[in-house]
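For the sequence shown, my numbering assigns the number 1 to the initial residue and increments by one for each residue that follows. Cβ coordinates follow ideal geometry from the N, Cα and C atoms, glycine included. Take a look at the structure set out below.
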Amino acid sequence: MVSTSRSESADEDPRPRTPSPDAKLDAALFRRKLMNWYKSHARELPWRGVNDPYRTWLSEVMLQQTRVGAVVDHYKKFLRKFPTILALALAPESEVLATWSGLGYYRRARMMHKTAQFLTCERGGVLPTTAAELRTLPGIGEYTSAAIASIAFGESIAVVDGNVERVLLRLTGKPEVKTAAARAFVQRKASALVPKRRISEGLNAAGDHNQAMMELGATLCLPRNPLCLHCPVYSMCTTRGEHVTPPRGVQLSRPAAYLLSLRKRGTLTEVLLELRADDASLMPGMYELPPLPLDAIQDREPLLRLRHAITNTNYYVQVFAAHGPQDSGLRHAVPASKSDLHWVLTNRLGALPLTGLARKALQRLDVMAVNLPKLPASIAD
Ligand code: SF4
Numbered sequence: 001m002v003s004t005s006r007s008e009s010a011d012e013d014p015r016p017r018t019p020s021p022d023a024k025l026d027a028a029l030f031r032r033k034l035m036n037w038y039k040s041h042a043r044e045l046p047w048r049g050v051n052d053p054y055r056t057w058l059s060e061v062m063l064q065q066t067r068v069g070a071v072v073d074h075y076k077k078f079l080r081k082f083p084t085i086l087a088l089a090l091a092p093e094s095e096v097l098a099t100w101s102g103l104g105y106y107r108r109a110r111m112m113h114k115t116a117q118f119l120t121c122e123r124g125g126v127l128p129t130t131a132a133e134l135r136t137l138p139g140i141g142e143y144t145s146a147a148i149a150s151i152a153f154g155e156s157i158a159v160v161d162g163n164v165e166r167v168l169l170r171l172t173g174k175p176e177v178k179t180a181a182a183r184a185f186v187q188r189k190a191s192a193l194v195p196k197r198r199i200s201e202g203l204n205a206a207g208d209h210n211q212a213m214m215e216l217g218a219t220l221c222l223p224r225n226p227l228c229l230h231c232p233v234y235s236m237c238t239t240r241g242e243h244v245t246p247p248r249g250v251q252l253s254r255p256a257a258y259l260l261s262l263r264k265r266g267t268l269t270e271v272l273l274e275l276r277a278d279d280a281s282l283m284p285g286m287y288e289l290p291p292l293p294l295d296a297i298q299d300r301e302p303l304l305r306l307r308h309a310i311t312n313t314n315y316y317v318q319v320f321a322a323h324g325p326q327d328s329g330l331r332h333a334v335p336a337s338k339s340d341l342h343w344v345l346t347n348r349l350g351a352l353p354l355t356g357l358a359r360k361a362l363q364r365l366d367v368m369a370v371n372l373p374k375l376p377a378s379i380a381d
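This is the structure in structure tokens:
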């Protein structure tokens, strides 16, 4: 006889049941499932598996607000140039910014440079080993200190970035909101899950667990379309893709115009750049193409159009030639004072702290090249 009782039917149902939002997570089971998945699915990244706290620090700083794909090359280039904390501390700031150029959020590079100088002068060029001590250093906050302490030194402390926050809110069925209460809840959950063991027999349980949590959020528990059917903790998840996605932030659009002015120096070429003031609120001390007022470019045809996104703003950029049949006179429309304008040899551009936008424009215009760029007759003096 076939039983019709509810409990027996549910037991025979092959589909995993969705845990209730208030169900307590089995931390040991969660960690086991997560680590089994991580061992076979973790992406190979140059900062993984290295035993150098400086590299962990560098990768964590670079990864803040920046995609992994954009970080890998910059990370390798930065390390080639500044392989140690001492090498970084001894470099001039302009060289550090030039090497960082293209990654954006230049304050990160400035702070790392200052902290490397502080460590060199005050602590023998060595990073402290605990999150509490790391947090006392300039530019190292809660997230970075926990990441360095757990990944490089095995401290049992949870690392909570945007990816981990998303995973834990979905897993527990809490709304994805950015409130202090939600942050405190996530921090408590993350701390309850992190393994308590320190490094033993070469295994860094806490560091690996934290990296696995971030990897899950970055590769499967995606902000818009999570890949739940591939998720190692699917059976423990309350929402399984049925969460409410928070609306995207409003994207702003801004037009911007810049001047490209080139001149020959014998066989070499120079380009006119503007140095942003040291006290500028954005990208101080960086070089860019001289900005043009929008009313100066009316009815003129640009050399280049491009879109450049910075946080929540899309800049629709046009670059105009200083000289040429249609554009003569634009050079005088640049509002910058003479002392902020500099002629720079194009073969020196790679060593300059350029803004990401300037680098992108100069590369697209074939001005920033290893060899002498071929200049259209209309834009060379
Ligand atoms: S099942 Fe889906 S929503 Fe839940 S943690 Fe996994 S990827 Fe995220």
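Less than 7 Å between the C-beta atoms of residue i and residue j, yes or no?
i      : j      : result
LEU273 : TYR287 : yes
VAL271 : THR179 : no
ALA383 : LEU171 : Residue 383 is absent from the model: the chain starts at 1 and stops at 381.
THR99  : LYS76  : no
SER156 : ALA206 : yes
VAL319 : PRO290 : no
GLY102 : ARG359 : yes
GLY154 : ASN204 : yes
THR120 : LEU169 : no
ALA109 : ALA89  : no
CYS228 : GLY241 : yes
Looking at C-alpha atoms only, which residue of the options is the closest neighbour of residue i?
i      : options                        : result
PRO246 : LYS174, LEU262, LEU362         : LYS174
LYS338 : LEU282, LEU275, THR355         : LEU275
MET111 : PRO138, LYS77, THR129, ARG183  : PRO138
VAL186 : ASP208, ASP161, LEU88, HIS74   : ASP161
ALA322 : ARG331, TYR315, ALA206         : ARG331
THR238 : ARG31, VAL167, ASN225          : VAL167
PRO128 : ARG108, TRP47, SER150          : SER150
GLN251 : PRO46, MET283, THR313, ARG307  : THR313
ARG197 : ARG31, ARG107, LYS24, ARG248   : ARG31
PHE78  : GLU95, SER281, ARG265          : GLU95
ARG248 : ARG265, MET283, TYR316, GLU176 : GLU176
ARG265 : ASP278, VAL344, ARG364         : VAL344
ARG48  : LEU29, LYS33, LEU306, VAL68    : VAL68
PHE118 : ALA184, LEU365, ALA309, THR136 : THR136
ALA131 : LEU45, GLY125, PRO195, ALA158  : ALA158
ALA309 : PRO46, THR66, ALA182, LEU45    : THR66
ASN163 : GLY285, THR219, ALA182, GLU122 : THR219
ASP279 : ASP299, TYR316, ARG107, ARG188 : ARG107
ALA336 : LEU34, LEU45, ALA91, ALA277    : ALA277
ASP208 : GLY285, GLY124, GLN64, ALA152  : ALA152
LEU29  : HIS74, THR84, TYR234, TYR315   : TYR234
VAL317 : PRO226, VAL126, PRO302         : PRO302
VAL126 : ASP295, THR84, ALA182          : THR84
LEU45  : ASP73, ALA91, LEU34            : ASP73
GLY285 : LEU97, HIS243, ARG183, TYR315  : LEU97
GLN298 : TYR315, GLY329, THR311, HIS243 : GLY329
ALA351 : ALA91, ALA184, GLY124          : ALA91
LYS33  : ASP295, GLU165, HIS230, HIS243 : HIS230
Whole-angstrom Cβ separation of residue i and residue j, contact assumed at under 8 Å?
i      : j      : result
MET62  : VAL71  : 5 Å
PRO223 : ASN36  : Rounded, the Cβ-Cβ distance is 25 Å, inconsistent with contact.
GLU93  : HIS113 : 6 Å
VAL367 : LEU262 : 7 Å
ILE140 : PRO53  : That belief does not hold up - the Cβ atoms of ILE140 and PRO53 are roughly 12 Å apart, past 8 Å.
LEU349 : LEU362 : 6 Å
LEU25  : MET236 : 6 Å
LEU365 : LEU292 : Between LEU292 and LEU365 the Cβ distance is about 15 Å, and since that is not below 8 Å, they are no contact.
Does the beta carbon of residue i fall short of 6 Å from some heavy atom of the ligand ATP?
i      : result
PRO226 : Ligands displayed in this structure: the ligand SF4; the ligand ATP is not among them.
| message | Would you call the region 142–153 in contact with the region 48–66, where contact means no fewer than 3 C-beta pairs closer than 8 Å? | response | Three or more Cβ pairs drawn from the region 142–153 and the region 48–66 lie within less than 8 Å of each other, which places the two stretches in contact.
| said: Check whether the region 236–256 and the region 349–356 touch, using three or more Cβ-Cβ pairs below 8 Å as the test. | reply: The region 236–256 is not in contact with the region 349–356.
| task | Check whether the region 211–219 touches the region 30–41, taking contact to mean three or more Cβ pairs, one atom from each stretch, closer than 8 Å. | result | Taking a cut-off of 8 Å on C-beta distances, the region 211–219 touches the region 30–41, as three or more cross pairs fall below it.
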